[in-house]
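As structure tokens, the structure follows; a few thoughts come after it.
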Amino acid sequence: MFYIYANSIREDPKVTFESLIARYGLLPHPEGGWYREIHRSSRSLGLLPGYPGERVAMTAIYFLLAKEDFSAFHRVRSEETWIHLAGAPLELVLLEDSPRLLRLTQAGDDGEPFMVVPPGVLQAARSLGDFTMATCLVAPGFDFADFTIPSRSELLAAYPRFTEVVRRFTR
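The opening position of the sequence shown corresponds to residue 1 in UniProt numbering, with each subsequent residue numbered one higher.
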């Protein structure tokens, strides 16, 4: 298991987006950005109402975004917690009745280092600098069967008043 010590990344001027991908063995994520699962609970929760199969208690990933990339609007059936690890602040957008813009930052900076996205809420994100590295915890644990990326046309039809934010965070 690998661990990131946020202060070592924050203070190392040689750390780049590319070096983080190499150091932590990150892979492209379907929503955009780069990721690697770093923990999958060994505890099974069994079959849960609303889930299409057995789920584990929790999963965790490293998630990395570069300034020119974004995490497209997507839904996760479970609750997702974002924790800022390193780099620039992250803009996290939640789309419910209207968009909510949240700013995820390193501890001690102007913002919060920790955000929770309720189950099933549309979310998207982008780095507000060269890169942002976060940990995402999902409980009950993540399974791609619980993950959807609505198309731009679906979101424009469902949220016609929010064309600009939908276009910004869809491909």
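Don't be surprised by glycine CBs; every beta carbon is placed ideally from N, CA and C. For clarity, every value in this text was computed on a predicted model and none was experimentally measured.
Grab the span of the beta strand (DSSP E) containing residue i for me, first residue to last.
| i | result |
| --- | --- |
| Tyr35 | 34–40 |
| Ala72 | 70–76 |
| Val116 | 114–117 |
| Gln123 | 122–127 |
| Leu45 | 44–47 |
State buried or exposed for residue i, treating a residue as buried only when at least 16 other CB atoms are found within 10 Å of its CB.
| i | result |
| --- | --- |
| Leu65 | buried |
| Arg167 | exposed |
| Leu48 | exposed |
Check residue i in the structure and name its three-state DSSP category.
| i | result |
| --- | --- |
| Ile21 | helix |
| Glu96 | coil |
| Arg55 | strand |
| Ala88 | coil |
| Glu164 | helix |
| Ala145 | helix |
| Thr16 | coil |
| Glu80 | strand |
| Leu102 | strand |
| Pro28 | strand |
How long is the line joining the alpha carbons of residue i and residue j, rounded to whole angstroms?
| i | j | result |
| --- | --- | --- |
| Gly120 | Gly32 | 19 Å |
| Pro89 | Phe73 | 18 Å |
| Asp109 | Ala86 | 11 Å |
| Val71 | Ala107 | Checking the displayed sequence, the identity of residue 71 turns out to be Ser instead of Val. So the two alpha carbons sit approximately 22 Å from each other. |
| Leu101 | Leu92 | 6 Å |
| Phe147 | Val117 | 14 Å |
| Leu128 | Lys67 | 6 Å |
| Ile83 | Thr170 | 23 Å |
| Phe114 | Thr81 | 7 Å |
| Ile21 | Tyr62 | 10 Å |
| Lys14 | Asp97 | 42 Å |
| Ser151 | Glu164 | 15 Å |
| Asp143 | Thr16 | 30 Å |
What do you reckon, are the CB atoms on residue i and residue j nearer than 9 Å?
| i | j | result |
| --- | --- | --- |
| Leu104 | Thr59 | no |
| Leu155 | Gln123 | no |
| Gly111 | Arg55 | no |
| Pro52 | Ala145 | yes |
| Arg36 | Tyr24 | yes |
| Ala57 | Arg75 | no |
Mind checking which residues open and close the alpha helix (DSSP H) that includes residue i?
| i | result |
| --- | --- |
| Leu155 | 152–158 |
| Val138 | Unbroken run through Val138 is the beta strand (DSSP E), 131–139; no alpha helix (DSSP H). |
Hey, is residue i close to the ligand FMN, as in C-beta under 8 Å from one of its heavy atoms?
| i | result |
| --- | --- |
| Asp130 | Absent from the structure shown: the ligand FMN. Ligands present: none. |
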